[in-house]
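Asks: Take a look at this one; I'll ask things after.
Residue numbers (UniProt numbering): 1 to 157.
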């Protein structure tokens with residue numbers, strides 16, 4: 001199978017299983033990164049996707065840290081809760097990566113699902129404070145959630 005076909009076929013299957021993941025986003029995301037673009041099979045594609053998830057989790061954690069100097073105490077509290085949530089996200093992604101390398105699909109799935117739960121916890125910290133999620137964080141989180149859902153779907157293939 002030609003790699004473009006692997007990515008296109010995989011993304012079509014993911015979008016069919018989870019309509020919240022747009023096929024075009026999936027294809028663009030996987031073709032953009034060399035580790036996924038050069039994948040020869042679904043396992044390598046999944047491994048590359050988990051690496052992307054790990055990289056993006058660290059990026060979002062950095063964004064949260066950079067925003068933490070906000071003067072409003074409600075925003076500071078929400079950002080601290082987000083920081084704690086993303087500490088959990090990073091740990092869950094590391095666990096997912098270890099599980100995936102051992103071909104333990106169940107544990108990988110559990111850890112990636114926990115990532116989504118922790119992302120929601122971060123967003124809830126803002127909502128509970130009657131705040132809007134910072135636009136930069138909201139954009140990153142939206143793309144990150146799609147990426148994690150892609151990883152979960154690949155784990156189940």
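We put the CB at the ideal spot given by N, CA and C, even for glycine.
1. What are the start and end residues of each continuous alpha helix (DSSP H) run of 4 or more residues lying completely inside the UniProt domain "Pectinesterase inhibitor" (2 to 154), in chain order?
2. Please report how far the alpha carbon of residue 1 lies from the alpha carbon of residue 14, in whole angstroms.
3. Contact between the region 97 to 111 and the region 19 to 31 is defined here as three or more beta-carbon pairs at a separation below 8 Å; is this criterion met?
4. Name the residue from 70, 25, 100 and 121 whose alpha carbon lies nearest to the alpha carbon of residue 156.
5. Below 8 Å, how does it come out for the region 69 to 78 and the region 32 to 42: are there three or more Cβ pairs, yes or no?
6. Are the Cβ atoms of residue 90 and residue 125 separated by less than 7 Å?
7. What does a CB cutoff of less than 7 Å around residue 20 pick up in its chain, not counting 5 residues either side in sequence?
8. For residue 37 and residue 64, what's the separation of their Cα atoms in angstroms?
9. Excluding the 5 residues preceding and the 5 following residue 116 in the sequence, name in chain order all residues of the same chain whose CB lies nearer than 7 Å to its CB.
10. Cβ of residue 93 within 7 Å of Cβ of residue 54?
11. Take residue 97 as the anchor and find which of 34, 49, 139 and 86 has the nearest alpha-carbon.
12. Pull up the distance between the alpha-carbon of residue 5 and that of residue 24, whole angstroms please.
Replies: Looking at the coordinates:
1. 3 to 17, 23 to 32, 34 to 37, 42 to 67, 73 to 101 and 105 to 128
2. In the chain shown, residue 1 corresponds to position 1, counting from 1. In the chain shown, residue 14 corresponds to position 14, counting from 1. Note that residue 1 has pLDDT 45, beneath the 50 cutoff, so the model's placement of it is unreliable and the number below is only indicative. When rounded, the distance between both Cα atoms is 18 Å.
3. No, they do not touch.
4. Taking the first residue of the chain shown as 1, we reach residue 156 at position 156. Out of 70, 25, 100 and 121, 100 has the C-alpha closest to the C-alpha of residue 156.
5. Taking 8 Å as the limit for Cβ pairs, the verdict is that the region 32 to 42 does not touch the region 69 to 78.
6. Residue 90 sits at position 90 when you count from the first residue of the chain shown. Residue 125 sits at position 125 when you count from the first residue of the chain shown. The answer is no: Cβ separation not under 7 Å.
7. Reading the chain shown from its first residue, position 20 is the one you call residue 20. So the qualifying residues of the chain are 149.
8. Taking the first residue of the chain shown as 1, we reach residue 37 at position 37. Taking the first residue of the chain shown as 1, we reach residue 64 at position 64. Looking at the two C-alpha atoms, the distance is approximately 29 Å.
9. In the chain shown, counting from the first residue as 1, residue 116 sits at position 116. Within the same chain, residue 116 has close Cβ partners 145 and 148.
10. To locate residue 93, count along the chain shown from 1; it is residue 93. To locate residue 54, count along the chain shown from 1; it is residue 54. A contact, by the Cβ cut-off of 7 Å.
11. Taking the first residue of the chain shown as position 1, residue 97 is located at position 97. Distances from the alpha-carbon of residue 97 to those of 34, 49, 139 and 86 put 49 closest.
12. Here the question's residue 5 lines up with position 5 in the chain shown. Here the question's residue 24 lines up with position 24 in the chain shown. Spanning the two alpha carbons is a distance of roughly 14 Å.
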